[in-house]
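A short worksheet on the structure shown next.
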Amino acid sequence: MKKSTNLAVVLTITAAFSGGILAYFDSFTSKRIADFQKEEQKKSVQFVLPGSVSSETKIMNDQEFFIGKDKDSNIVGVAFVASGAGFQSTIKILVGMDPIMQTIIAMKVIEQAETPGLGTKIVNDLTNKTNPNWFTKQFEKLNVASGISYVKGQKPTKPGEIQAITGATVSSKAVVDLLNVSITKSRKIFLKSGVK
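With positions in the sequence shown counted from 1, the corresponding number in the numbering used here is that position plus 81.
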């Protein structure tokens, strides 16, 4: 009985000490992590809205919008996070669009855990040495007024069309689907708000 009591006391002290150490170091690192995440978000917004010199964040209908402005405070674009199910994971994409939300300026996949070497090509295709970002580059300056569609094994020929990744059609389709849904929803919210 005495052994089990001693063991319980030692385990309790060890757990309390370990928890205290973790809490102590968390107090130092949590602010740095939050600052790093804000800086990464700022860089990502700048990437998808390259013509902006500043941006402001607005929450509308529980959705976050980043409104990019030029030096004269004119809106040059609007960015938002599009999120949806991929083949193996949730895919999150930061999408930058023109002020009337008809054309994608640029997009950046900010979170994914798709199949390495296949689905991960939505971010970076290491087999394509000359243009590893070919998949996301297809969306640059893409008119999406009538939605986005994809083709397999051939070059796109119609407006709003992109080429799917060979061997990762499910991930390609997931990107197209989540963009179509998110853009339609975001366009309605943003344009209805009358932000200028």
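Note that CB positions come from ideal geometry on N, CA and C, so glycine has one too. None of these values were measured; they are calculated from a predicted model.
8 Å Cβ cutoff met for residue i and residue j
| i | j | result |
| --- | --- | --- |
| N205 | N214 | yes |
| K202 | Y231 | no |
| T184 | K239 | no |
| V276 | I148 | yes |
| I243 | F271 | no |
| A245 | K233 | yes |
Cβ-based burial, residue i [other Cβ within 10 Å; buried from 16]
| i | result |
| --- | --- |
| Q235 | exposed |
| A96 | exposed |
| V176 | buried |
| V134 | exposed |
| K189 | buried |
| S267 | buried |
| L260 | buried |
| T217 | buried |
As assigned by DSSP and simplified to three states, the class of residue i
| i | result |
| --- | --- |
| K229 | According to the sequence displayed, residue 229 carries Ile and not Lys. I229: coil per DSSP, three-state reduction. |
| Q244 | strand |
| G149 | strand |
| K254 | helix |
| L223 | strand |
| L88 | helix |
| I186 | strand |
| Q193 | coil |
Length of the line joining the Cα atoms of residue i and residue j
| i | j | result |
| --- | --- | --- |
| D179 | G158 | 4 Å |
| Q144 | T265 | 13 Å |
| F168 | L92 | 43 Å |
| I121 | Y105 | Residue identity check: residue 121 is Glu in the sequence provided, not Ile. Answer to the nearest angstrom: the Cα atoms are 25 Å apart. |
| A226 | M182 | 8 Å |
| V262 | F117 | 30 Å |
| N209 | I102 | 46 Å |
| A89 | S99 | 15 Å |
| A152 | L130 | For the record, residue 152 in the displayed sequence is Lys; it is not Ala. Their Cα atoms are separated by approximately 14 Å. |
| T110 | I94 | 24 Å |
| Q193 | S125 | 15 Å |
| A166 | S252 | 9 Å |
| I186 | K112 | 32 Å |
| K150 | K139 | 13 Å |
| P237 | T247 | 14 Å |
Option in the options with minimal Cα separation from residue i
| i | options | result |
| --- | --- | --- |
| F161 | N224, N87, E137 and F98 | E137 |
| I191 | T184, S164 and L103 | S164 |
| G241 | V251, A249 and V257 | V257 |
| N155 | S108, F220 and G132 | G132 |
| K273 | Q127, N142, T86 and N87 | N142 |
| F128 | G228, I174 and T86 | I174 |
Check: residue i C-beta below 7 Å from any heavy atom of the ligand GDP
| i | result |
| --- | --- |
| M188 | Of the ligands one can find in the structure shown there are none, so the ligand GDP has no counterpart to examine. |
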